[in-house]
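J.: Numbering (our numbering), first residue to last: 122 to 330. Questions regarding the structure given below will be posed in turn.
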Amino acid sequence: MLGSVAGKRLLDLGCGYGENCRCFSQMGCIRVVGIDISQRMLEIAQAENRAPNIQYMNMPMENVSSIDECFDIVVSSLAMHYVQNYDLLLKDLYALLNPGGILVFSQEHPLTTAPLAGAKWIKGADGKVDHYRLTDYSRTGKRTVSWMVDGVIKYHRTFSELINGLINAGFVISEMEEPVPSAETIQRLPQYMKDLHKPNFLIIKAKKP
Ligand SMILES: C[S@@+](CC[C@H](N)C(=O)[O-])C[C@H]1O[C@@H](n2cnc3c(N)ncnc32)[C@H](O)[C@@H]1O
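This is the structure in structure tokens:
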């Protein structure tokens, strides 16, 4: 979805260990800025995924408007569902992008973030997964989950909120993906069959005209 990044200036929101930043650098970006709220993640990024054209910055993406430069590409892998004010973030990102620039981000799928009690698969009498239990889809807002540690806060947004936020910020949506395991993967690893009931991730590409 990114297309060629050669010669581009790229901002990575919630870059974590910086693995993607290093890839973008190797793929030809002239400048990569990776920001993350976690100093610990960035220490590992500095140690393991350093390059002369990568700069890591310890800051919440809620503060991106303080960055004093523009980018051709903004990416974010599995981090934007941690931000409460999605609409404001999108307006800030729009301002940071050069005309013709793109925003490509992935997040947990709205069907995954929906249940207040956390994602739950229901098994049949044979012990195999029968279906996904979707609840609370229209109850948007805060979700507190356990992921590595207890008390991780993320935000559930409906599809229309995600799309309207982009439209209202001025973006044109150019592509969306809801990736699921391939037939080959399922044949090799049958436990992934359940992911055909619902995708776990949503990826959106949007353009600043
Ligand atoms: C699931 S990890 C993804 C890391 C990386 N993007 C990847 O795909 O490997 C989410 C990352 O987002 C960061 N994060 C969470 N909330 C954030 C915020 N408000 N601003 C910036 N980074 C944030 C976390 O510290 C973590 O490194």
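Backbone N, C-alpha and C fix where the C-beta goes; we use that ideal spot for every residue, glycine too. Just so it is clear, the structure is predicted and the values come from calculations on it, not from any experiment.
#1: With contact counted as at least three CB pairs below 8 Å, one residue from each stretch, are the stretch 228-246 and the stretch 257-270 in contact?
#2: Buried or exposed for G222, please, with buried defined as at least 16 other CB atoms from any protein chain shown within 10 angstroms of its CB.
#3: So, with DSSP's three-state summary, where would you put S187?
#4: What are the boundary residues of the alpha helix (DSSP H) that includes L211?
#5: Is G137 near ligand 1, going by C-beta to nearest heavy atom under 6 Å?
#6: Give me whichever residues DSSP pairs with E299 in a beta bridge.
#7: Apply the 10 Å Cβ neighbour rule to F145 and answer buried if 16 or more other Cβ atoms are within range, or exposed otherwise.
#8: Beta strand (DSSP E) containing L132: first to last residue?
T.: Here's the rundown:
#1: yes
#2: buried
#3: helix
#4: Y207 to L217
#5: yes
#6: Per DSSP, none; premise fails for E299.
#7: buried
#8: R130 to L134
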